[in-house]
Amino acid sequence: MTTRKDNPAQETAPRELVIMRVLNAPRKLVWKAWIDPKHVAQWWGPKGFTNPVCELDVRPGGAIRIHMRGPDGTVYPMTGVYQEIVEPERLVFTSGALDKQGKPLFEVLTTVTLTEQGGKTTLTVRARVVKSTDEAAPYLAGMNEGWNQTLDRLTAYVAKL
Amino acid sequence: MSIDPLSTTFAALANPTRRAILARLASGETSVTKLAEPFDMSLPAISKHLKVLERSGLIARTRDAQWRPCRLKAKPLKDAVDWLEHYRQFWEESLDRLDDYLLELQTKEKTHDHKKR
Numbered sequence: 004m005t006t007r008k009d010n011p012a013q014e015t016a017p018r019e020l021v022i023m024r025v026l027n028a029p030r031k032l033v034w035k036a037w038i039d040p041k042h043v044a045q046w047w048g049p050k051g052f053t054n055p056v057c058e059l060d061v062r063p064g065g066a067i068r069i070h071m072r073g074p075d076g077t078v079y080p081m082t083g084v085y086q087e088i089v090e091p092e093r094l095v096f097t098s099g100a101l102d103k104q105g106k107p108l109f110e111v112l113t114t115v116t117l118t119e120q121g122g123k124t125t126l127t128v129r130a131r132v133v134k135s136t137d138e139a140a141p142y143l144a145g146m147n148e149g150w151n152q153t154l155d156r157l158t159a160y161v162a163k164l
Numbered sequence: 286m287s288i289d290p291l292s293t294t295f296a297a298l299a300n301p302t303r304r305a306i307l308a309r310l311a312s313g314e315t316s317v318t319k320l321a322e323p324f325d326m327s328l329p330a331i332s333k334h335l336k337v338l339e340r341s342g343l344i345a346r347t348r349d350a351q352w353r354p355c356r357l358k359a360k361p362l363k364d365a366v367d368w369l370e371h372y373r374q375f376w377e378e379s380l381d382r383l384d385d386y387l388l389e390l391q392t393k394e395k396t397h398d399h400k401k402r
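As you go down the protein sequences, you meet chains P and E in turn.
Each residue of the first sequence is one higher than the last, beginning at 4 in this note's numbering.
Each residue of the second sequence is one higher than the last, beginning at 286 in this note's numbering.
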């Protein structure tokens, strides 16, 4: 092997999409809003979407089944499986990423963590593309700093086309 | 194993050297020798990375010209960037709604408490 810069640790490091929010609500309530299907149906999905189907079997191995309905009436089904539930601080689930035709592309592992400080809750969503087949190379939707910069440049380039 | 194009793109992008090569190609087409210059790597090693990028459709190499310049092909890259952007947006908008909804819940709770008293 001459590819000595192909460090496996480096290969697997940059793969996360991280979004952080501070919510003006106690953690107990935020947790409820994440695990009660009645609540989830009220906020899940982009602006203008409704969720006519929202079934959450909140236990490890339990299923997530959500049908999102866009403003134009198109229904986007989404399925997932809970991996880990630590009330009221950690929720881990996998879900299928779908292409525009609704075909599964690969699996996304999402970790939601909640921490409370002074009645406010800091919520972090970490999404990571995981490999869809056992033999597959690491599939990354990665974002570390170096990756971000590269991506910025590439995005700028792509935008010019 | 069937691999969808987007997964192939992400797999190709998974390597820092390959990302650096793409970033370099973003400023214009160039030869393999030129591409290899900044890397502490043999030409065959660079060629291997280029093959991965070529297979994933991220770059193209001109067959006819003798120096076979490499250039960036943007379509798969754009799909990958679009998907990431789409996913980020999904969460940003969902969390906006969650924020509003939590406020609504708390307002309701307060009104409810008042009524109870």
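By construction, the Cβ of each residue, glycine as well, lies at the ideal position given by its N, Cα and C atoms.
If you're wondering where the values come from, they're calculated on a predicted model, not measured in any experiment.
Would a check of beta-carbon distances place residue i closer than 8 Å to chain P?
{"i": "E/W352", "result": "no"}
{"i": "E/L388", "result": "yes"}
{"i": "E/R346", "result": "no"}
{"i": "E/S341", "result": "no"}
Does any CB atom of chain E fall closer than 8 Å to the CB of residue i?
{"i": "P/L143", "result": "Bear in mind that a pLDDT of 35 at P/L143, under 50, signals an unreliable position, so the number given afterwards is only what the model happens to contain. It does: the Cβ of P/L143 has a partner Cβ on chain E nearer than 8 Å."}
{"i": "P/R72", "result": "no"}
{"i": "P/L32", "result": "yes"}
{"i": "P/A112", "result": "Sequence check: residue 112 of chain P is Leu here, not Ala. Judged by the 8 Å Cβ criterion, P/L112 is not in contact with chain E."}
{"i": "P/L26", "result": "yes"}
{"i": "P/V78", "result": "no"}
{"i": "P/V95", "result": "no"}
{"i": "P/E128", "result": "In the sequence as presented, Glu is not what sits at residue 128 of chain P; that position holds Val. Yes, P/V128 lies at the interface with chain E (some Cβ there is under 8 Å from its Cβ)."}
{"i": "P/R131", "result": "no"}
{"i": "P/A12", "result": "With a pLDDT of 33 at P/A12, under the threshold of 50, the predicted position of this residue should be treated as unreliable, though the coordinate-derived value follows. Closer than 8 Å: no."}
{"i": "P/D39", "result": "no"}
Name, please, each residue of chain E whose Cβ falls closer than 8 Å to the Cβ of residue i.
{"i": "P/G99", "result": "Simply none; closest approach about 12 Å."}
{"i": "P/A36", "result": "L383, Y386, L387, L390"}
In chain E, which residues lie less than 9 Å from residue i when you measure between Cβ atoms?
{"i": "P/S20", "result": "Correcting the residue identity first, residue 20 of chain P is Leu in this sequence and not Ser. Here the neighbours are L369, Y372, R373, W376."}
Residue i touches chain E at which residues, Cβ-Cβ below 7 Å?
{"i": "P/N54", "result": "None at all; the shortest Cβ gap to chain E is about 11 Å."}
Check the DSSP bridge columns for residue i and list the partner residues they point to.
{"i": "P/P80", "result": "P/H70"}
{"i": "E/V317", "result": "None; E/V317 has no bridge partner."}
{"i": "P/S98", "result": "P/G83, P/V111"}
{"i": "E/T347", "result": "E/T347 pairs with nothing; no bridge assigned."}
{"i": "P/I22", "result": "P/V128"}
{"i": "E/T293", "result": "E/T293 pairs with nothing; no bridge assigned."}
{"i": "P/R2", "result": "This structure cannot speak to residue 2 of chain P, because chain P is shown only from 4 to 164."}
{"i": "E/R356", "result": "E/A345"}
{"i": "P/V56", "result": "P/H70"}
{"i": "P/K123", "result": "P/Q120"}
For residue i, go through chain P and note every residue whose CB falls closer than 8 Å to its CB, in chain order.
{"i": "E/S379", "result": "W46, W47, G48, P49"}
Closer than 9 Å by beta-carbon distance: list the chain P residues that pair up with residue i, in chain order.
{"i": "E/R382", "result": "Q45, W46, W47, G48, P49, K50, F52"}
At least three beta-carbon pairs within less than 8 Å, the region 391-399 of chain E to the region 336-355 of chain E: no
Cβ pair count under 8 Å reaching 3, the region 45-59 of chain P against the region 22-31 of chain P: no
Contact between the region 326-335 of chain E and the region 371-386 of chain E (3+ Cβ pairs under 8 Å): no
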